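This report refers to the structure that appears directly beneath it.
Okay, here's the thing in structure tokens:
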């Protein structure tokens, strides 16, 4: 979900509508960095983007609408999937990537905003769940490779392993409300690795 | 967090102010059951409780204020901590309890509302994090007993083990946005157990 800051007025394909949208999403991304989700308003996005407030109300309706559009856009970004040749190292690299992402104030603010929107709106919930499911499916390649190398039993549920890496990080962020440090990431990776090796994520008789 | 429905007008210690609060919290709890957090409004709470809307605005200000007060009240309830004589069985019972709790529509609605409030308000964030920390500290008795029985290495971090049991359940609820079924609970318990046995939650050199 790393996006490079873009010049709000830079030309891009799709004409004026696309440029307006890009300017609004850039402005929202920057506002999340400075004021968090709690401080985000359509007024601030209008001011920073140079787009009329009336346009924002018409097209995105609410702050949640802007945040969701931003999430959908960032969700399209390619994220490198670690491939070190070792399951533990891959899971650790993945966990550290997720933790580093959420140490960025605007990324933390974005996910907080999205979760808040998701519990109010079924549409937001679907967008959010889809972004997470897509990421997890991509990252489950790590588990497939470990099975191919003989590190894990055949049939190990890749989505379950990758979810187990992410879960403690999101728990820290959203439930325990603490810092997303490297320690929580390392522990999450080591725990998911130990559980996978012991066959917890492999269906069938224990 | 199970509370019995209480008669809104029942006498209780603390006089009229306490009775008003009890009526409001009861009404909010029932409204969460029928309409979820997305449907909760101060107007509905006023109507169901028989408390004037003006009183609600004055005392709780927002829906989030009511939800937080409700969480604080439910957080005082005693919750049984499993003590089966086996770490795996204790962790499984705990996970199944948490999952069963969040299959209740009003409990799921409450936690969704609290998380949404927590990302908007530092006060809400503190109340929520405190309730979770208190629960985890109580449940970490499970891990202490396992260490005393010799099932786990001395120095195993009880809070970390208990958090590892809860994390996948909250992940399913808030991030993957799926059903909180017994399977996610059983897997969470088995994974935390395998990781604890392998020493992931024990500090020191690996």
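Chains as they are written, first to last, in UniProt numbering: chain A, 1 to 206; chain B, 1 to 206. We treat Cβ as the ideally placed atom computed from N, Cα and C, and that holds for glycine. Source: prediction; values computed, not measured.
Q. Whose C-beta lies closer than 8 Å to the C-beta of residue 64 of chain A among residues of the same chain, with five residues either side of it excluded?
A. Mapped onto the first chain, residue 64 of chain A falls at position 64. Answer for residue 64 of chain A: 113, 116, 117, 120, 121 and 124, listed in chain order.
Using alpha carbons as the reference points, say which of B:21, B:171, B:92 and B:160 lies closest to residue 190 of chain B.
Translated into positions along the second chain, residue 190 of chain B becomes position 190. Among B:21, B:171, B:92 and B:160, the Cα nearest to that of residue 190 of chain B is on B:92.
Would you call residue 145 of chain A buried or exposed, if buried means 16 or more other Cβ atoms sit within 10 Å of its Cβ?
Translated into the one-based positions of the first chain, residue 145 of chain A becomes position 145. When all chains shown are included, residue 145 of chain A counts as buried.
Residue 62 of chain A - containing alpha helix (DSSP H), residue span
Indexing the first chain from 1 puts residue 62 of chain A at position 62. No alpha helix (DSSP H) contains residue 62 of chain A, which DSSP labels as neither H nor E.
### Task
Just list the alpha helix (DSSP H) runs in the region 11–93 of chain A, keeping only unbroken ones of 4 residues or longer that don't cross its boundaries, in chain order.
Counting only unbroken stretches of 4 or more residues, the alpha helix (DSSP H) elements lying wholly within the region 11–93 of chain A are 15–35, 42–49, 53–60 and 63–75, in sequence order.
Exercise. Classify residue 193 of chain A as buried or exposed, calling it buried when 16 or more other Cβ atoms lie within 10 Å of its own Cβ.
Key: Sequence index remark: in the first chain, residue 193 of chain A carries index 193 (1-based). By the neighbour-count rule (16 or more Cβ atoms within 10 Å), residue 193 of chain A is buried.
Quiz item: Using the beta-carbon of each residue, which ones in chain B are nearer than 8 Å to residue 102 of chain A?
Solution: On the first chain, residue 102 of chain A is found 102 positions in, with the first residue counted as 1. Neighbours of residue 102 of chain A in chain B, taken as residues whose beta carbon is under 8 Å from its own, are absent, since the nearest beta carbon is some 12 Å off.
Check: Around the Cβ of residue 85 of chain B, are there at least 16 other Cβ atoms within 10 angstroms (buried) or fewer (exposed)?
Finding: Along the second chain, one-based indexing puts residue 85 of chain B at 85. Exposed: under 16 other Cβ atoms inside 10 Å.
Worksheet item: Is the CB of residue 62 of chain A under 8 Å away from at least one CB in chain B?
Response: Mapped onto the first chain, residue 62 of chain A falls at position 62. No, no contact with chain B.
Residues near residue 141 of chain A by beta carbon distance below 6 Å, same chain, minus five either side: Residue numbering aside, residue 141 of chain A sits at position 141 when the first chain is read from its first letter. Residues of the same chain with a CB within less than 6 Å of the CB of residue 141 of chain A, apart from the 5 flanking positions on each side, are 81 in chain order.
- Quick one: grab the DSSP three-state call for residue 177 of chain B. Numbered from its first residue, the second chain carries residue 177 of chain B at position 177. Looking at residue 177 of chain B - three-state DSSP - the assignment turns out to be coil, as it is neither helix nor strand.
> Is residue 152 of chain B closer than 8 Å to residue 143 of chain B when the C-beta atoms are compared?
Replying inline: Position 143 of the second chain holds residue 143 of chain B. Position 152 of the second chain holds residue 152 of chain B. Yes, they are a contact pair.
* Express the C-alpha separation of residue 186 of chain B and residue 111 of chain B in angstroms, rounding to a whole number. => Position 111 of the second chain, counting from 1, holds the residue named residue 111 of chain B. Position 186 of the second chain, counting from 1, holds the residue named residue 186 of chain B. Roughly 21 Å separates the two Cα atoms.
TODO: Compute the Euclidean distance between the alpha carbons of residue 109 of chain A and residue 20 of chain A, then round it to the nearest angstrom.
DONE: For the purposes of this step, residue 109 of chain A is taken as the residue at position 109 of the first chain. For the purposes of this step, residue 20 of chain A is taken as the residue at position 20 of the first chain. Rounded to the nearest angstrom, the two C-alpha atoms are 23 Å apart.
Requested in this report: Figure out for me which residue from A:32, A:47 and A:55 has the closest Cα to the Cα of residue 17 of chain A.
Outcome: Here residue 17 of chain A refers to the residue found at position 17 of the first chain. The candidate whose alpha carbon is nearest that of residue 17 of chain A is A:55.
Q) Along the chain, where does the alpha helix (DSSP H) that runs through residue 141 of chain A open and close? A) As a working note, residue 141 of chain A is residue 141 in the first chain. Its alpha helix (DSSP H) spans residues 141–148.
* Asked: Roughly how many whole angstroms lie between the Cα atoms of residue 79 of chain A and residue 73 of chain A?
  -> The residue labelled residue 79 of chain A in the question sits at position 79 within the first chain. The residue labelled residue 73 of chain A in the question sits at position 73 within the first chain. Here the alpha carbon of residue 79 of chain A sits roughly 13 Å from the alpha carbon of residue 73 of chain A.
Problem - Neighbour-count burial assignment, residue 61 of chain A, 16 or more Cβ in a 10 Å radius - result: Your numbering for residue 61 of chain A matches position 61 in the first chain. So residue 61 of chain A counts as exposed.
Original post:
Of all the CB atoms in chain B, is at least one closer than 8 Å to the CB of residue 165 of chain A?
Top reply: Within the first chain, residue 165 of chain A is the residue found at index 165, counting from 1. No, no contact with chain B.
- Query: Using a Cβ-Cβ cut-off of 7 Å (strictly less than) and excluding sequence neighbours within five positions of residue 201 of chain B, which residues of its own chain qualify?
  - Reply: Taking the first residue of the second chain as position 1, residue 201 of chain B is located at position 201. Excluding positions up to five away in sequence, the list reads 156, 157, 160, 161 and 195.
**Prompt:** How would you call residue 31 of chain B, buried or exposed, if buried means at least 16 neighbouring beta carbons within 10 angstroms?
**Reply:** Along the second chain, one-based indexing puts residue 31 of chain B at 31. Label assigned to residue 31 of chain B: buried.
Amino acids of chain B, ordered along the chain, whose beta-carbon sits closer than 7 Å to that of residue 198 of chain A
Here residue 198 of chain A is taken as the residue at index 198 of the first chain, counted from 1. Those are 194, listed as they occur along chain B.
Local conformation of residue 163 of chain A per DSSP, three classes:
For the purposes of this step, residue 163 of chain A is taken as the residue at position 163 of the first chain. Per DSSP, reduced to three states, the secondary structure at residue 163 of chain A is helical.
Within 8 Å (strictly less), CB to CB, does residue 94 of chain A reach chain B?
By 1-based counting over the first chain, the position of residue 94 of chain A is 94. When Cβ-Cβ separations below 8 Å define contact, residue 94 of chain A makes no contact with chain B.
My output table needs one value for residue 127 of chain A: the three-state DSSP class, helix, strand or coil. Within the first chain, numbered from 1, the residue matching residue 127 of chain A stands at position 127. Residue 127 of chain A falls in the helix class under three-state DSSP.
Practice problem: Within 10 angstroms of the Cβ of residue 177 of chain B, are there 16 or more other Cβ atoms? Answer buried if so, exposed if not. | Solution: Numbered from 1 along the second chain, position 177 holds the residue referred to as residue 177 of chain B. Residue 177 of chain B should be labelled buried.
Fill in: Three-state class that DSSP yields for residue 138 of chain A in the structure shown
Within the first chain, residue 138 of chain A is the residue found at index 138, counting from 1. Helix at residue 138 of chain A.
Handout entry: Closer than 8 Å to chain A by CB, residue 146 of chain B
Key = Against the second chain, residue 146 of chain B aligns to sequence position 146. Not one chain A Cβ lies under 8 Å of residue 146 of chain B.
Check: With C-beta atoms as the reference, is residue 170 of chain A less than 8 Å away from residue 131 of chain B?
Finding: Translated into the one-based positions of the first chain, residue 170 of chain A becomes position 170. Translated into the one-based positions of the second chain, residue 131 of chain B becomes position 131. At the C-beta level, residue 170 of chain A and residue 131 of chain B stay beyond 8 Å of one another.
Hey, out of A:37, A:76, A:24 and A:14, whose CA is closest to residue 58 of chain A's CA? Counted from its first residue, the first chain places residue 58 of chain A at position 58. Residue 58 of chain A has its Cα closest to that of A:24, out of A:37, A:76, A:24 and A:14.
### Task
Could you list which residues in chain A have their beta carbon closer than 8 Å to that of residue 202 of chain B, in chain order?
Position 202 of the second chain holds residue 202 of chain B. Residues of chain A whose Cβ lies closer than 8 Å to the Cβ of residue 202 of chain B do not exist; the shortest such Cβ separation is about 11 Å.
Discussion item. If contacts are defined as beta-carbon pairs under 8 Å, then residue 95 of chain A and residue 167 of chain A qualify, I think. What distance do you get, rounded to the angstrom?
Written reply: Counting from 1 along the first chain, the entry for residue 95 of chain A is found at position 95. Counting from 1 along the first chain, the entry for residue 167 of chain A is found at position 167. Not quite, the Cβ-Cβ distance comes to about 11 Å (not below 8 Å), so this is no contact.
Worksheet entry | Proximity below 8 Å, CB of residue 180 of chain B to CB of residue 99 of chain B | Translated into the one-based positions of the second chain, residue 180 of chain B becomes position 180. Translated into the one-based positions of the second chain, residue 99 of chain B becomes position 99. Going by C-beta atoms, residue 180 of chain B is nearer than 8 Å to residue 99 of chain B.
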